[in-house]
Amino acid sequence: LDEVAACAKKHGKVQRILLRLAPGIDPHTHKAVVTGSVDSKFGVAIETGQAMELTKYALSKNNVKLIGFHCHIGSLIFENTPFSDAAEIMLSFIAEVRKQTGFTS
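Numbering (the numbering used here), first residue to last: 21 to 125.
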């Protein structure tokens with residue numbers, strides 16, 4: 021995030037960003053293609069508080085504009101439940117972000 025902000029500042033720009041979050045979902049698929057668990061390297065964990073910390077940090081930066089959040093919980097998922105669970109967790113997180121920061125994108 022700091023590198024993106026520094027690059028944007030250098031070029032006199034404000035870079036729009038999304039933060040990729042890890043909602044802590046078990047998608048019931050092969051471990052090699054799971055990306056949404058708490059300890060995933062493919063997103064910042066909501067459960068640990070890291071996502072809220074990063075969100076607040078992003079909102080404090082002058083040369084980046086946080087426009088939203090996304091997640092990728094894995095590949096080869098054959099059930100709907102992990103997707104609806106992830107959506108519920110993401111929406112709950114966004115509501116908490118709004119409550120704590122006033123963020124509305």
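Here a beta-carbon is modelled for each residue, glycine too, at the ideal position from N, C-alpha and C.
Should C27 be labelled buried (16 or more other beta-carbon atoms within 10 Å of its own) or exposed?
That one is exposed.
How is the alpha helix (DSSP H) around I114 delimited, first residue to last?
Looking at the DSSP string, the run of the alpha helix (DSSP H) that includes I114 is 101-121.
Does K85 come out as helix, strand or coil in the three-state DSSP assignment?
DSSP places K85 in strand when its eight states are reduced to three.
With a threshold of 16 other CB atoms inside 10 Å of the CB of I87, please say whether the residue is buried or exposed.
The residue in question, I87, is exposed, as its Cβ has fewer than 16 Cβ neighbours within 10 Å.
Pull the bridge partners of L39 from the DSSP assignment, please.
Partner(s): F89.
Classify V187 as helix, strand or coil using the three-state DSSP reduction.
What is shown of the chain runs 21 to 125, which leaves residue 187 out entirely.
Would you kindly check if the distance between the Cβ of V84 and the Cβ of L21 is under 9 Å?
Yes, Cβ-Cβ distance for L21 and V84 is below 9 Å.
What whole-angstrom Cβ distance do I109 and G69 have, given they're in contact under 8 Å?
Their Cβ separation, rounded to whole angstroms, is 14 Å, which puts I109 and G69 out of contact at 8 Å.
Using a 10 Å radius around the Cβ and a threshold of 16 neighbouring Cβ atoms, would you call K81 buried or exposed?
By the 10 Å Cβ count, K81 comes out buried.
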